[in-house]
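Quick note: the sequence shown uses this note's numbering, first residue 1, plus one each step.
Glycine residues also receive a C-beta, built at the ideal position from the N, C-alpha and C atoms.
Please read the structure below before turning to the comments.
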Amino acid sequence: MAPPKKRVRPLQQGALDGFCGIYSLFNAARIVEPNLTENACHALFATCLTALEERKDVPAINITGLTLRDLLFLNRQVFKPAFGIRHVRPFVKAKPRSLGHMWRTFSEVLAEPKTAIVLSFSSEDWAHWTVVQDIDEKALWLADSDGMRTILRKEVSIVKVSARRPLCIQWRDVFVVRRSS
């Protein structure tokens, strides 16, 4: 009898490219501007790539992904003029004192309507940009390009990845997206 076939785990969107950062901006923009259509997103995506070409080798982004500076640049150059979307970095001057402090800050921010949090997190072997659209005491609720639904509080750190806490939020890369007043 032949041995059972080894099943291949299918690749998902993002497995071969570094565009999760751009998707995080679009997902945040759709929270802030709920009437943003898919057609408008297609046009804006092309605008984003054109804007990035002035700064970076766009094909290289497929491998390396986008940095915080790239995302803030795109927000200023593309999303702010189109929708009046601005960003604020809550931890730019000081590291959160604890995960609880970060959680409370996120809760206060997300209490405002049409507000989203863009953040980067990492594990031992990968990093990813995502959008937090809601929060409760146990989880961050995501609008994520890779299909993730939550980040559980019990599994996350703001210091380092460990066996007990396999995800680490990169607190320096957190920014809040909302409409300009």
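Residue i classed as buried or exposed, judged by whether at least 16 other C-beta atoms fall within 10 angstroms
i, result
"Gly65", "buried"
"Arg178", "buried"
"Asn75", "buried"
"Thr130", "buried"
"Ala94", "exposed"
"Val78", "buried"
"Trp126", "exposed"
"Asp70", "buried"
Run of the alpha helix (DSSP H) containing residue i, from where it starts to where it stops
i, result
"Asp70", "Leu68 to Leu74"
"Val118", "That residue, Val118, is in no alpha helix (DSSP H); its beta strand (DSSP E) goes Ala116 to Ser122."
"Ile158", "Premise fails: Ile158 is in no alpha helix (DSSP H) and is neither H nor E."
"Trp126", "Element bounds for Trp126: n/a, residue is neither H nor E."
"Leu44", "Glu38 to Glu53"
"Arg104", "Leu99 to Leu110"
Within 8 Å, strictly: CB atoms of residue i and residue j
i, j, result
"Ala143", "Ile31", "yes"
"Leu110", "Asp136", "no"
"Ile85", "Ala29", "yes"
"Glu33", "Phe83", "yes"
"Thr105", "Pro81", "no"
Where the beta strand (DSSP E) containing residue i begins and where it ends
i, result
"Val176", "Phe175 to Arg179"
Legend entry - Sufficient close CB pairs (3 or more, under 8 Å) joining the region 151–162 to the region 35–50: no
Inset, instruction - Count the C-beta pairs between the region 160–175 and the region 114–126 that are closer than 8 Å, then say yes if the count reaches three, no if not. - result: yes
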